[in-house]
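Engineer:
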Amino acid sequence: MLIKNNLPAEDTYVTVADDAPLPDGAVVVSLKRFRAERSDLLARNQKLGIVLDSDQSPEALGSDLDRLSLVVLEFPKFRDGRPFSWARILRTRLKFTGEIRARGDFLYDQIAFLKRVGVDAFELPPSITPELFARALTEMTNVYQPSADGRTTIVAMR
Amino acid sequence: MPQLLTANRLIDGRVLYWRGGGWVENLDEAEGFTDAAVADTALAAAKEFVARNLVVNPYLFEVKDGRPVKEREIIRAAGPSVRTDLGKQAKYGSTGTTSPAAPERDDDVSI
Amino acid sequence: MYRYDEFDARFVAERTEQFRFQVQRRLNGELTEDQFKPLRLMNGLYLQLHAYMLRIAVPYGTLSARQLRKLAEIARKYDKGYGHFTTRQNMQFNWPKLKDVPDILAELATVEMHCIQTSGNCIRNVTADHFAGAAADEIEDPRPVAELIRQWSSLHPEFSFLPRKFKIAVIAAPHDRAALRYHDAAVEIVKNDEGRTGYRVWVGGGMGRTPYLAYVVGDFVEKPDLLGFLEAIMRVYNENGRRDNIFKARIKILAHSIGEDEMRERVLREFQEIKTSGYLQVPDEERARIAAYFAPPDFERLTDEALPTDGDLGRWIVNNVTPHKQPGYAVATISLKPIGGVPGDISADQLDAVAQLMDDFGLTEIRASHEQNLVLPHVRQKDLPAVFARLQVLGLATPNAGLITDIICCPGLDYCDLANARSIPVAQEIAKRFADLDRQEDIGELKIKMSGCINACGHHHAGHIGILGVDKKGVEYYQLLLGGSAAEDASIGEIMGPGFGEHEIADAVERVVDVYLKLRRPGERFLDTYRRLGMEPFKNVAYGEQLHAAH
Ligand code: SF4
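Protein chains in written order, with UniProt numbering: chain A, 1 to 158; chain R, 1 to 111; chain E, 1 to 551.
(1) Is any beta-carbon of chain E found at less than 9 Å from that of aspartate 19/A?
(2) What are the boundary residues of the alpha helix (DSSP H) that includes tryptophan 316/E?
(3) At what residue ranges does the region 92-148 of chain A contain a whole run of the alpha helix (DSSP H), taking only runs of 4 or more?
(4) For valine 387/E, which residues does DSSP report across the bridge?
(5) Beta-carbon separation of alanine 57/E and isoleucine 139/E under 9 Å?
(6) Just to confirm, is the Cβ distance from arginine 33/A to aspartate 55/A under 9 Å?
(7) What would DSSP say about glutamine 22/E, mapped onto helix, strand or coil?
(8) Taking 9 Å as the threshold (beta carbon to beta carbon), is alanine 421/E in contact with chain R?
(9) Could you check whether the Cβ of asparagine 121/E sits closer than 9 Å to any Cβ belonging to chain A?
(10) Helix, strand or coil: which one does DSSP assign to asparagine 238/E?
(11) What does glutamate 29/R touch in chain C if you count any residue whose Cβ is under 7 Å from its own?
(12) Unbroken alpha helix (DSSP H) runs of length 4 or more, entirely within the region 41-103 of chain R: which are they?
(13) Considering Cα atoms alone, identify which of Pro142/E, Asp310/E, Ala146/E is closest to valine 126/E.
(14) For serine 30/A and alanine 20/A, I'd like the C-alpha separation in whole angstroms.
(15) Distance, Cα to Cα, arginine 105/R vs lysine 70/E?
(16) Within 8 Å, do at least three Cβ pairs link the region 210-220 of chain E to the region 179-192 of chain E?
(17) For ligand 1, any of its heavy atoms closer than 8 Å to the Cβ of serine 423/E?
(18) How many whole angstroms separate the CB atoms of threonine 62/E and glycine 344/E, which I take to be in contact at a CB cut-off of 8 Å?
(19) By the three-class DSSP mapping on this structure, what secondary structure does leucine 162/E have?
(20) Identify, in the order they occur along the chain, each residue of the same chain with its Cβ nearer than 6 Å to the Cβ of glycine 402/E, setting aside the five sequence neighbours on each side.
(21) For phenylalanine 526/E, count neighbouring C-beta atoms within 10 Å of its own C-beta (all shown protein chains included) and say buried if the count is 16 or more, exposed if not.
(22) Using a Cβ-Cβ cut-off of 9 Å, state whether arginine 82/A counts as contacting chain E.
(23) Using a Cβ-Cβ cutoff of less than 8 Å, which residues in the same chain neighbour glutamine 46/A once the five nearest sequence positions on both sides are dropped?
(24) Determine the direct distance from the alpha carbon of asparagine 43/E to that of phenylalanine 19/E, and round the result to whole angstroms.
(25) Could you tell me whether the Cβ of residue 160/A comes closer than 9 Å to any Cβ of chain E?
(26) Pull every residue with its beta-carbon under 6 Å away from any heavy atom of ligand 1, and keep them in chain order.
(27) Per DSSP, which residues does threonine 127/E bridge with? Please list them.
(28) By DSSP, does phenylalanine 93/E sit in helix, in strand, or in coil?
(29) At a Cβ threshold of 9 Å, is asparagine 455/E touching chain R?
(30) To be precise: take each residue of the region 410-441 of chain E, compare its Cβ to all Cβ atoms of chain R, and keep it if any distance is under 8 Å. Which residues remain?
(31) Short of 7 Å Cβ to Cβ, which residues in the region 140-159 of chain E face chain A?
(32) What residue from Met140/A, Ala102/A, Leu61/A has the CA that sits closest to phenylalanine 7/E's CA?
(33) Answer with yes or no whether the minimum CB distance from proline 283/E to chain A is below 9 Å.
(34) Could you list which residues in chain R have their beta carbon closer than 9 Å to that of glycine 29/E, in chain order?
(35) Considering only the alpha carbon of each residue, which of Ile465/E, Arg521/E, Lys518/E, Glu524/E lies closest to isoleucine 505/E?
(36) Taking Cβ-Cβ distances shorter than 8 Å, what residues in chain E pair up with serine 57/A?
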């Protein structure tokens with residue numbers, strides 16, 4: 001199930017394998033395919049997303065980022081914490097305003113962290129219901145450090 | 001060499017040994033396997049207990065004359081060698097013997 | 001000492017409930033062990049040989065009497081009546097039950113304590129000089145900086161799933177009592193040429209399988225920039241640290257494979273980026289707010305006393321008492337290394353009694369040191385005889401601080417699931433060999449540090465004499481290392497050669513010490529003699545040959 005901006009949402013993107021033909025409409029492709037077919041993909045004038053594997057930094061995208069409306073951060077396993085940095089860089093440094101989506105092996109217990117670094121969409125496994133998702137965001141009321149979510153920190157509240 | 005099957009209980013972490021389709025706490029009461037195939041069958045059965053979230057990390061280890069070969073398993077079966085008043089040694093005596101030492105205050109949780 | 005405000009209190013209370021929910025889901029089977037393990041470790045909970053082990057954070061080692069009493073209560077109620085102080089200034093309980101841990105955390109929260117980030121692949125609890133606020137040589141108290149880092153790193157959204165653990169230490173004195181250069185990162189409070197205070201930041205130290213000493217990446221980081229600078233280091237590490245091999249995942253491997261120049265450049269580049277995109281600055285008021293909690297106690301106007309140097313009291317004073325910056329005061333080390341005891345262990349009754357002693361002598365705080373001792377930072381010199389007498393009754397007056405029997409020792413195979421060999425019995429055997437105080441004092445400063453496996457929790461690389469337990473086909477063996485130091489003259493010990501058996505290692509240590517006694521020059525510590533002569537003369541006798549060498 002897709003959760004976007006904290007609510008269940010319909011997924012309007014189709015993720016396309018590297019060797020599959022492109023359907024009409026919004027698609028998500030790998031960074032590799034994006035590089036190989038960059039001009040064709042941009043010329044479609046459709047919404048376009050790419051998937052970043054956990055070892056792919058968004059900084060490599062350069063100004064192409066402006067043409068993307070979605071970046072999917074892939075978690076190969078939940079212990080791989082690189083996507084947390086990618087999300088934060090996307091939001092804080094590269095000022096990306098499109099959708100950042102978490103996909104793959106992440107846990108309920110990481111949702112609040114992901115939210116804080118700027119992820120706003122989640123492809124939830126069946127074990128995480130929308131109710132649980134909402135609960136994850138209420139566990140810790142306050143935060144000590146600034147991040148990409150613009151929340152007021154404890155230091156500022158003091 | 002004969003083998004025993006061991007695991008830790010999830011809820012309190014205590015060391016367990018396999019006997020007849022279930023678990024005991026005292027190594028001296030554990031079931032010894034001389035046949036590797038039988039041991040593997042028991043290990044597979046133990047994994048059912050993992051799936052039911054009752055134990056973690058079951059594995060087989062070797063014993064000789066009823067005593068573990070490796071120091072690690074001797075200590076797991078007994079308790080800290082530097083605190084003989086604590087652990088299983090306090091409850092059941094040292095492994096391979098039957099003389100119980102002073103019982104330890106411990107409300108162990110059973111499965 | 002630092003006191004929680006409403007925000008800190010709520011944070012810790014909510015973290016406890018968060019963990020309670022994690023435990024509940026584990027017991028229900030909603031979390032597998034593979035999923036639960038990193039989560040429980042982030043809250044200090046291990047599964048060891050006999051049971052779970054809970055590691056409680058003692059931020060930068062500072063404790064109040066009230067906290068000691070709570071630890072004693074937990075030891076009795078949920079454990080087996082004792083606890084263990086570790087080399088990271090924490091306390092461990094060896095027998096808690098998983099189902100009880102949320103309740104233990106709730107109890108800890110009532111005295112402003114917790115287990116947050118005492119393990120796991122995250123920024124660990126921050127350590128600091130255990131003489132902070134009392135040492136005559138410090139520029140300022142390092143603990144406000146440590147507290148600032150503690151808060152910033154608590155549930156950091158970006159850096160909680162790092163390639164591996166990340167340990168930070170803070171010191172503010174030229175004499176390093178916190179093993180700075182063995183940390184993933186370290187902050188040294190320094191004054192620049194203009195007399196302004198700032199931070200020298202180190203990166204890339206660590207022990208374990210491949211020990212390295214840290215080097216400097218920030219020569220002088222301005223005060224408001226510290227957290228931004230640390231964030232730059234963390235990001236370079238999170239992005240580039242190896243995740244394919246657990247033994248190569250620490251920042252020390254990255255730092256020493258790309259080298260000092262490249263590391264500096266990457267950190268500075270990242271720091272510039274952080275600055276450009278608007279970054280975390282610590283306002284002066286916040287630093288002042290935190291620092292105020294660490295204001296020194298109201299010292300009485302006293303003058304220095306003539307302290308006894310003979311008899312039992314005199315011995316204890318000579319060995320365990322250190323000068324204080326305030327006239328008439330002293331720093332007293334309570335050794336947790338009684339001859340034949342378990343290094344770092346303390347009973348619930350002793351915890352209570354030490355709390356009572358603190359109350360009776362007006363002592364508001366006590367410290368846990370990375371050397372696994374306790375430190376009373378602000379004792380009136382005129383109280384020393386009475387304090388000593390009380391400690392004697394408690395079995396806590398061993399006058400061996402810094403001597404050969406003041407051994408750092410990890411729990412080893414008696415408790416630890418990762419161990420290759422036992423370490424405590426070896427420490428006990430060595431301590432018994434050298435129990436004679438005249439002999440200990442003649443030997444002088446000699447730091448023995450021992451680990452039960454390559455993870456090096458017992459800092460064996462940093463021992464003047466280091467001992468490492470290894471496993472040879474299920475049998476315990478011990479390697480000897482010489483020449484390590486964790487102080488400002490930091491060095492990594494050198495392995496002597498093949499390991500010694502369980503019953504040979506104490507003999508080998510004794511022979512090595514005898515060589516030192518024969519070959520030392522006046523005023524030389526063991527370490528100095530080793531550095532002058534190298535491994536050869538020690539190796540020649542350690543394996544049982546005769547000592548021929550003479551001057
Ligand atoms: S050094 Fe090894 S044996 Fe000792 S406590 Fe650490 S992991 Fe365990």
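For glycine and all other residues, C-beta sits at the position ideal for the given N, C-alpha and C.
Structural biologist: The structure says:
(1) Residue mapping note: residue 19/A aligns to position 19 of the first sequence, counting from 1. False, the Cβ-Cβ gap to chain E never drops below 9 Å.
(2) Here the question's residue 316/E lines up with position 316 in the third sequence. Run containing tryptophan 316/E: 311-320, per the alpha helix (DSSP H) assignment.
(3) Entirely contained in the region 92-148 of chain A, the alpha helix (DSSP H) runs reaching 4 residues are, in chain order, 111-117, 130-136.
(4) Counting from 1 along the third sequence, the entry for residue 387/E is found at position 387. None, per the DSSP bridge assignment.
(5) In the third sequence, counting from the first residue as 1, residue 57/E sits at position 57. In the third sequence, counting from the first residue as 1, residue 139/E sits at position 139. Going by C-beta atoms, alanine 57/E is not nearer than 9 Å to isoleucine 139/E.
(6) Residue numbering aside, residue 33/A sits at position 33 when the first sequence is read from its first letter. Residue numbering aside, residue 55/A sits at position 55 when the first sequence is read from its first letter. Cβ atoms of arginine 33/A and aspartate 55/A: not closer than 9 Å.
(7) Counting from one through the third sequence, the residue named residue 22/E turns up at place 22. In this structure, glutamine 22/E counts as helix in the three-state DSSP scheme.
(8) For the purposes of this step, residue 421/E is taken as residue 421 along the third sequence, with counting starting at 1. Output row for alanine 421/E: interface = yes.
(9) As a position in the third sequence, residue 121/E is number 121, starting the count at 1. With 9 Å as the cut-off, asparagine 121/E counts as an interface residue toward chain A.
(10) For the purposes of this step, residue 238/E is taken as residue 238 along the third sequence, with counting starting at 1. DSSP places asparagine 238/E in helix when its eight states are reduced to three.
(11) As a matter of chain content, chain C is missing from the structure shown, whose protein chains are A, R and E.
(12) Annotation: the region 41-103 of chain R contains the following complete segments of the alpha helix (DSSP H) (minimum length 4 residues), in chain order: 71-78, 88-92.
(13) Looking up residue 126/E in the third sequence gives position 126. Per the Cα distances, Ala146/E.
(14) Here residue 30/A is taken as the residue at index 30 of the first sequence, counted from 1. Here residue 20/A is taken as the residue at index 20 of the first sequence, counted from 1. Cα to Cα, serine 30/A sits roughly 12 Å from alanine 20/A.
(15) Within the second sequence, numbered from 1, the residue matching residue 105/R stands at position 105. Within the third sequence, numbered from 1, the residue matching residue 70/E stands at position 70. The predicted model places arginine 105/R with a pLDDT of 47, which falls under 50 and marks its position as unreliable, so this point remains unresolved.
(16) Touching, per the Cβ criterion.
(17) Taking the third sequence and counting its residues from 1, the one referred to as residue 423/E is at position 423. Yes.
(18) In the third sequence, residue 62/E corresponds to position 62, counting from 1. In the third sequence, residue 344/E corresponds to position 344, counting from 1. Wrong, their Cβ atoms sit about 17 Å apart, outside the cutoff.
(19) In the third sequence, counting from the first residue as 1, residue 162/E sits at position 162. Looking at leucine 162/E - three-state DSSP - the assignment turns out to be coil, as it is neither helix nor strand.
(20) On the third sequence, residue 402/E is found 402 positions in, with the first residue counted as 1. Excluding positions up to five away in sequence, the list reads Glu445.
(21) To locate residue 526/E, count along the third sequence from 1; it is residue 526. When all chains shown are included, phenylalanine 526/E counts as buried.
(22) In the first sequence, residue 82/A corresponds to position 82, counting from 1. By this cut-off, arginine 82/A is an interface position.
(23) Position 46 of the first sequence holds residue 46/A. Same-chain partners within the cutoff: Asp24, Gly25, Ala26, Val27.
(24) The residue you call residue 19/E lines up with position 19 of the third sequence. The residue you call residue 43/E lines up with position 43 of the third sequence. If I take the Cα positions, the gap works out to 8 Å.
(25) There is no way to answer for residue 160/A, as the model of chain A reaches only from 1 to 158.
(26) Cys410/E, Pro411/E, Gly412/E, Cys416/E, Leu418/E, Ala419/E, Ser451/E, Gly452/E, Cys453/E, Asn455/E, Ala456/E, Cys457/E, Gly458/E
(27) Locating residue 127/E in the third sequence gives position 127, counting from the first residue. Beta-bridge partners assigned by DSSP to threonine 127/E: Ala169/E.
(28) Translated into positions along the third sequence, residue 93/E becomes position 93. DSSP places phenylalanine 93/E in the strand class (E or B) of the three-state scheme.
(29) As a working mapping, residue 455/E is identified with position 455 in the third sequence. Output row for asparagine 455/E: interface = no.
(30) Leu413, Asp414, Tyr415, Ala419, Ala421, Arg422, Ile424, Pro425, Gln428
(31) Gln151, Trp152, Ser154, Leu155, His156, Pro157, Glu158
(32) Locating residue 7/E in the third sequence gives position 7, where the first residue counts as 1. Considering only alpha carbons, the answer is Met140/A.
(33) If you number the third sequence from 1, residue 283/E lands on position 283. Output row for proline 283/E: interface = yes.
(34) Here residue 29/E is taken as the residue at index 29 of the third sequence, counted from 1. Those within 9 Å of glycine 29/E in chain R are Ala51, Arg52, Asn53.
(35) For the purposes of this step, residue 505/E is taken as residue 505 along the third sequence, with counting starting at 1. If we check each option's Cα against that of isoleucine 505/E, Ile465/E comes out closest.
(36) Walking along the first sequence from the start, residue 57/A turns up at place 57. Correct list: Glu239.
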